[in-house]
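Trainee:
There are 2 protein chains.
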Amino acid sequence: MKRTSRDIRTANRYEVLRQIIARSPTSRQELAAATGLSLATVATLVGELLDLRMLTEVGFEDSAGGRPRGLVAVNAAGGALIGVDIAETYVHVELFDLALNVLARAEEDIRPGESRPEQVVGHVAAAVGSVVAQAGVEAARVLGVGVSVPGQVDRDTGIAEYAPNWDWHDVPLLDLLGEHIAYPLHLDNPLRAGAVAELWFGAARGHGDAVVVNLGTGVGAGLVLGGGLHRGVSNSAGEWGHTTLVLDGRPCHCGNHGCVETYVGAPGIMQNLRELSAHSPLLHPEDQTATVDALARGVAEGDPVAVQVVRDTARYLAAGIADLVNLLNPEVVVLSSWVAARLGEPLLDEVREAVARHALRRPLAATEIVLSPIPTDPVCLGAATFALEGALQSVGQRSAQRAAGRT
Amino acid sequence: MKRTSRDIRTANRYEVLRQIIARSPTSRQELAAATGLSLATVATLVGELLDLRMLTEVGFEDSAGGRPRGLVAVNAAGGALIGVDIAETYVHVELFDLALNVLARAEEDIRPGESRPEQVVGHVAAAVGSVVAQAGVEAARVLGVGVSVPGQVDRDTGIAEYAPNWDWHDVPLLDLLGEHIAYPLHLDNPLRAGAVAELWFGAARGHGDAVVVNLGTGVGAGLVLGGGLHRGVSNSAGEWGHTTLVLDGRPCHCGNHGCVETYVGAPGIMQNLRELSAHSPLLHPEDQTATVDALARGVAEGDPVAVQVVRDTARYLAAGIADLVNLLNPEVVVLSSWVAARLGEPLLDEVREAVARHALRRPLAATEIVLSPIPTDPVCLGAATFALEGALQSVGQRSAQRAAGRT
DNA sequence: AGGGGTTAGGAAAGGGGGTTTACAAAGTCG
DNA sequence: CGACTTTGTAAACCCCCTTTCCTAACCCCT
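Chains as they are written, first to last, in the numbering used here: chain A, 76 to 482; chain B, 76 to 482.
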């Protein structure tokens, strides 16, 4: 709430690093132009990051007749970040270099009944150990681990306040993980992980206001407002999946009826299919992924049932998205997560068209709807980004301390 | 988007003045404690405002055994602010002193067919002239005029981009008004005026995230996020009235079906009444105000039809508010505008109960739902607040210029 | 009445941040 | 080889907030 000049520095540090990552090898000049900061500020920030070996100088670039521009790039080898995506049925862990390339992956299944906190923590610890070993990274190089866990999370205390799938209540997850993992840990939920991934590396980059719509088994919306993540007062903003779309509609596990999630979440899409064609060969009753894949293939092949299911789903989705556009007036709405990735362009086209019918003209005109351009798991990437942000934050503190020590 | 240290100053200036207005006569000590700023900063800011005659020193207060605390209060006579509320059928103008007390009021009716921009501007100019004359304020004392006009507004260029009631398109309203009114003008829409009024003087004061639900003929939500007004990319955030509440529900003038506004706007409430009891004596077919008043009286007297209509309305409203709570996780939801004021506590009680049924437990636990405590027209007050903010802004610029001039 | 004790508030110093200006460094071109 | 260009660093400067020091103003007690 209370802003200080230090926050400005942090924001600028983020922005500069974002631009460097996005533009790979780039010059200070270009960064200054892109960020709107003065050359001096950019140079200071770049110098700081060079000192920390997060960047390297990689040569020069001709400048129209003058001194050549020095180029800097992310020092991929300068550190590693780990992103952990804990979901209902699996733990997915990826290890990234500083350019956010995936160096190693590990996955552990969580079987039904194996969902006690200690068991889940065990899976996470094993997978984290595995990616570190695979990548052959020295432990010192791991700058941090970001962990995404569904539900409500208190990121300051590291407590998973409530995880709906497993009936967890106030589990001190970060403390439990800390017993197995020595790297700096950062906890948040998948909605916000997805949003931060888009903000740093995806379609929300450079935008002040964006909505990242997460379409998976569950549904939610990460909100980027005023250039930063909107968390709300108790860090639970973005619970869009339980927005009422149809009064007295389909029952939802949250206890209400007609929630968005029951129409556009993967199980909801299966229900849309069932209502259209109860015995469709597209339907794999026990397998959400297979069903969505079958639908995607069906649309590609022109199967009328598949086309209609996607259209129906898009219609529900668009009604919800139009509401978000009207309410928040964002620059961009990003469709993310595995369902969006698999249904892809056909879904996007239908959504765009249907949103245009629902939203008010003026807010709509300012809003773009796009698919997430992030090729990997956005939740892992976002979790790793939390670790990156944490590392940058402590950079600021460290350099401040160092300056104090010098005196 | 780009933050500078000056924004911090502006925000602090706002916060200090807000606290002074709220605490009437108060000491620098108390202000420092309330704002979290250091005494030095508070003293500087207070000194600035004293120089500008926006504050006065009003005596001393005992301090446990030491030097007495100097008390400062708003210098009500130090200036006047004018708030203009342009609505579909009237222009409502209020003149405030700096303590935001109403010194004069004027109202002009806009008859159907009299809605050409020049005609409306004429009404505004007449009413503004009237309040200035009534209050007997010297022209130099008027620090600014805030104007609220429905629809989409570009506050920088002063253009009313789109007013749905009158089919205005890109009317350069501020320029037109400038031909008749010599004071500094500030344009925005009633949603944001209501929100800013709550932020400065009402239930949102001191809260980082708040939603101000405007219940009038139309319906909208002013969003306070991160301590400031959320405007969205094209200054049209808050269009909550056209959120889909019932898929394929009642037709709305926006072209869609089932919008919140069609159920909880005043005409929607009349429809709720009609559906329950087509020929109820409560219904005044051509008069929204009279009908809502009749409902309020009916509830007070225990009329079962009135009670049921309020309950039905609350149920719709609560579904929409629960969605806002889930999505934005605000600290407070404020019910504002004339419908909320007239239906009052009975509506609030029903809404609270119904929201509790719809919203997720965690976000709900952090959220309070309250009626607006603002006794006067919140839109006029909010519009005047825009003028106040504008005056404070130029204070900053002026003192900067003055400092430059001194050199 | 005159000193201690206590609290208020102003002035100056200090630290964080960003920008502007001056200048050295490193090229190109005639 | 010198003139011109462009880059990038260092120093000076402005803004903002806080901390520290000191004076002002009051109480109480002797």
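Don't be surprised by glycine CBs; every beta carbon is placed ideally from N, CA and C.
Just so we're clear, the structure is a prediction, and the values are computed from it rather than from any experiment.
Determine the chain A residues that contact Gly311(B) at a beta-carbon separation under 7 Å, and present them in chain order.
Mentor: Counting from one through the second sequence, the residue named residue 311(B) turns up at place 236. Note on identity: in this sequence residue 311(B) is Ser, with Gly being the wrong assignment. The contacting residues are Asn404, Arg437 and Pro438.
Trainee: Taking a Cβ distance cut-off of 7 Å, strictly less, list which residues of the segment 216-248 of chain A are near chain B, in chain order.
Mentor: Listed in sequence order: Gln227, Glu236 and Tyr237.
Trainee: Since Val414(A) and Ala341(A) are thought to touch, with beta carbons under 8 Å apart, how far apart are those beta carbons, to the nearest angstrom?
Mentor: Residue numbering aside, residue 414(A) sits at position 339 when the first sequence is read from its first letter. Residue numbering aside, residue 341(A) sits at position 266 when the first sequence is read from its first letter. With a Cβ gap of about 6 Å, Val414(A) and Ala341(A) count as contacting.
Trainee: Please report the straight-line C-alpha distance between Trp243(B) and Val454(A), rounded to a whole angstrom.
Mentor: Reading the second sequence from its first residue, position 168 is the one you call residue 243(B). Reading the first sequence from its first residue, position 379 is the one you call residue 454(A). The straight-line gap from Cα to Cα measures roughly 45 Å.
Trainee: Using only CA atoms, which one of Glu464(B), Thr460(B), Gln383(B) and Ser469(B) lies nearest to Gly169(B)?
Mentor: Here residue 169(B) corresponds to residue number 94 of the second sequence, with the count starting at 1. Correcting the residue type first, residue 169(B) is Glu in the shown sequence and not Gly. Glu169(B) has its Cα closest to that of Thr460(B), out of Glu464(B), Thr460(B), Gln383(B) and Ser469(B).
Trainee: Our contact map puts Ile256(B) next to Val220(B) with C-beta atoms below 8 Å; I'd like the distance itself, whole angstroms only.
Mentor: Here the question's residue 256(B) lines up with position 181 in the second sequence. Here the question's residue 220(B) lines up with position 145 in the second sequence. Confirmed, Cβ separation roughly 6 Å.
Trainee: If we ignore side chains and look at the alpha-carbon of each, how far apart do Val380(A) and Pro360(A) end up?
Mentor: By 1-based counting over the first sequence, the position of residue 380(A) is 305. By 1-based counting over the first sequence, the position of residue 360(A) is 285. Each residue's alpha carbon lies about 16 Å from the other.
Trainee: What residues from chain B crowd round Asp387(A), counting only those whose CB sits closer than 9 Å?
Mentor: Taking the first sequence and counting its residues from 1, one reaches residue 387(A) at position 312. Ordered by position in chain B, no residue passes the 9 Å Cβ test against Asp387(A), which lies about 12 Å from the chain.
Trainee: Within the continuous beta strand (DSSP E) that includes Leu180(B), where are the two ends?
Mentor: Counting from one through the second sequence, the residue named residue 180(B) turns up at place 105. In the sequence under discussion, the amino acid at residue 180(B) is Arg, which differs from the Leu named in the question. Where Arg180(B) is concerned, the enclosing beta strand (DSSP E) stretches over Val177 to Asp184.
Trainee: What does Asp398(B) touch in chain A if you count any residue whose Cβ is under 7 Å from its own?
Mentor: Counted from its first residue, the second sequence places residue 398(B) at position 323. Simply Thr318 and Thr319.
Trainee: Going by the CB atoms, is the gap between Gly297(A) and Val287(A) shorter than 8 Å?
Mentor: The count along the first sequence starts at 1 and reaches residue 287(A) at position 212. The count along the first sequence starts at 1 and reaches residue 297(A) at position 222. Contact: yes.
Trainee: Give a yes or no on whether 8 Å exceeds the smallest Cβ distance from Leu125(B) to chain A.
Mentor: Sequence index remark: in the second sequence, residue 125(B) carries index 50 (1-based). By this cut-off, Leu125(B) is not an interface position.
Trainee: Give the straight-line distance between the Cα atoms of Glu314(A) and Gly188(B), rounded to the nearest whole angstrom.
Mentor: Residue mapping note: residue 314(A) aligns to position 239 of the first sequence, counting from 1. Residue mapping note: residue 188(B) aligns to position 113 of the second sequence, counting from 1. The straight-line gap from Cα to Cα measures roughly 45 Å.
Trainee: Does His305(B) get closer than 8 Å to chain A when you measure Cβ to Cβ?
Mentor: Taking the first residue of the second sequence as position 1, residue 305(B) is located at position 230. Yes, His305(B) counts as interfacial toward chain A.
Trainee: Might you give, ordered along the chain, the residues of its own chain that have their beta carbon closer than 6 Å to the beta carbon of Pro421(B), omitting 5 neighbours on each side?
Mentor: Along the second sequence, read from residue 1 onward, the residue named residue 421(B) stands at position 346. Closer than 6 Å at the Cβ level, and outside the excluded window around Pro421(B), lie Val374 and Val385.
Trainee: Please decide whether Asn264(B) counts as near chain A, where near means a Cβ-Cβ distance under 8 Å.
Mentor: If you number the second sequence from 1, residue 264(B) lands on position 189. False, the Cβ-Cβ gap to chain A never drops below 8 Å.
Trainee: Taking Glu169(B) as part of the alpha helix (DSSP H), name the residues at either end of that continuous run.
Mentor: The residue labelled residue 169(B) in the question sits at position 94 within the second sequence. Premise fails: Glu169(B) lies in the beta strand (DSSP E), Tyr165 to Asp172, not in any alpha helix (DSSP H).
Trainee: Measure the C-alpha to C-alpha separation of Asp245(A) and Ile396(B) and round it to an integer number of angstroms.
Mentor: Here the question's residue 245(A) lines up with position 170 in the first sequence. Here the question's residue 396(B) lines up with position 321 in the second sequence. Cα to Cα, Asp245(A) sits roughly 27 Å from Ile396(B).
Trainee: State the DSSP-derived secondary structure class of Gly158(A), mapped to helix, strand or coil.
Mentor: Taking the first sequence and counting its residues from 1, the one referred to as residue 158(A) is at position 83. Strand at Gly158(A).
Trainee: Between the segment 315-328 of chain B and the segment 307-324 of chain A, can you find at least three pairs of beta-carbon atoms closer than 8 Å?
Mentor: Judged by Cβ distances under 8 Å, the segment 307-324 of chain A makes contact with the segment 315-328 of chain B, as three or more pairs qualify.
Trainee: Taking Cβ-Cβ distances shorter than 8 Å, what residues in chain B pair up with His433(A)?
Mentor: Taking the first sequence and counting its residues from 1, the one referred to as residue 433(A) is at position 358. The answer, in chain order, is Thr319 and Asn331.
Trainee: Kindly indicate which residue of Trp275(A), Val407(A) and Leu262(A) has the alpha-carbon position closest to the one of Arg88(A).
Mentor: Mapped onto the first sequence, residue 88(A) falls at position 13. Comparing Cα-Cα distances from Arg88(A) to each of Trp275(A), Val407(A) and Leu262(A), the minimum goes to Trp275(A).
Trainee: Using 7 Å as the cut-off, classify the Cβ of Gln104(B) as near or not near the heavy atoms of the ligand HEM, replying yes or no.
Mentor: Absence of the ligand HEM is noted for the structure shown, with no ligands found whatsoever.
Trainee: Looking at Val271(B) and Gly158(B), is the spacing between their C-beta atoms short of 8 Å?
Mentor: On the second sequence, residue 158(B) is found 83 positions in, with the first residue counted as 1. On the second sequence, residue 271(B) is found 196 positions in, with the first residue counted as 1. Not a contact, by the Cβ cut-off of 8 Å.
Trainee: Ala478(B) to Thr119(B), Cα distance in whole Å?
Mentor: Within the second sequence, the letter at position 403 stands for residue 478(B). Within the second sequence, the letter at position 44 stands for residue 119(B). Because Ala478(B) carries a pLDDT of 46, less than 50, the predicted location of this residue cannot be relied on, and no value is offered for it.
Trainee: With DSSP as the reference, identify every bridge partner of Ile396(B), one or two as the case may be.
Mentor: To locate residue 396(B), count along the second sequence from 1; it is residue 321. Note: Ile396(B) sits in no beta bridge, so no partner.
Trainee: Shorter than 8 Å from the beta carbon of Trp315(B) to some beta carbon of chain A?
Mentor: Counting from one through the second sequence, the residue named residue 315(B) turns up at place 240. Yes, contact with chain A.
Trainee: If the cut is a Cβ gap below 9 Å, which residues of chain B does Asn401(A) touch?
Mentor: Along the first sequence, one-based indexing puts residue 401(A) at 326. What Asn401(A) touches in chain B: Ser311, Ala312, Gly313, Glu314, Trp315, Gly316, His317 and Thr318.
Trainee: Just curious, the alpha helix (DSSP H) that Thr131(A) is in, first and last residue?
Mentor: For this step, residue 131(A) is matched to residue 56 along the first sequence. Where Thr131(A) is concerned, there is no enclosing alpha helix (DSSP H), although the beta strand (DSSP E) it sits in stretches over Leu130 to Glu136.
Trainee: Between the C-alpha atoms of Ala235(A) and Ser309(A), what's the straight-line distance to the nearest angstrom?
Mentor: As a working mapping, residue 235(A) is identified with position 160 in the first sequence. As a working mapping, residue 309(A) is identified with position 234 in the first sequence. Cα to Cα, the separation comes out at about 12 Å.
Trainee: Counting only beta-carbon separations shorter than 8 Å, does Gly283(A) have a partner in chain B?
Mentor: What you label residue 283(A) is simply residue 208 of the first sequence in a count that begins at 1. For Gly283(A), the answer is yes, since a Cβ of chain B falls inside 8 Å of its Cβ.
Trainee: Which two residues bound the contiguous alpha helix (DSSP H) that contains Glu90(B)?
Mentor: Along the second sequence, read from residue 1 onward, the residue named residue 90(B) stands at position 15. Glu90(B) -> alpha helix (DSSP H) spans Ser80 to Arg98.
Trainee: Measuring CA to CA, which of Gly122(A), Gln104(A), Pro239(A) and Val166(A) is closest to Ala139(A)?
Mentor: Locating residue 139(A) in the first sequence gives position 64, where the first residue counts as 1. Ranking the options by Cα distance to Ala139(A), first place goes to Gln104(A).
Trainee: For Leu248(A), which of Gly316(A), His305(A), Thr318(A) and Pro192(A) has the nearest alpha-carbon?
Mentor: Looking up residue 248(A) in the first sequence gives position 173. Comparing Cα-Cα distances from Leu248(A) to each of Gly316(A), His305(A), Thr318(A) and Pro192(A), the minimum goes to Pro192(A).
Trainee: Select from Arg230(A), Asp137(A), Lys77(A) and Ala279(A) the residue whose C-alpha is nearest the C-alpha of Gly465(A).
Mentor: If you number the first sequence from 1, residue 465(A) lands on position 390. Of Arg230(A), Asp137(A), Lys77(A) and Ala279(A), the residue nearest in Cα terms is Arg230(A).
Trainee: Residues in its own chain within less than 8 Å of Ala151(A) by CB, not counting five upstream and five downstream?
Mentor: Here the question's residue 151(A) lines up with position 76 in the first sequence. Contacts found: Asp172, Leu173, Ala174 and Asn176.
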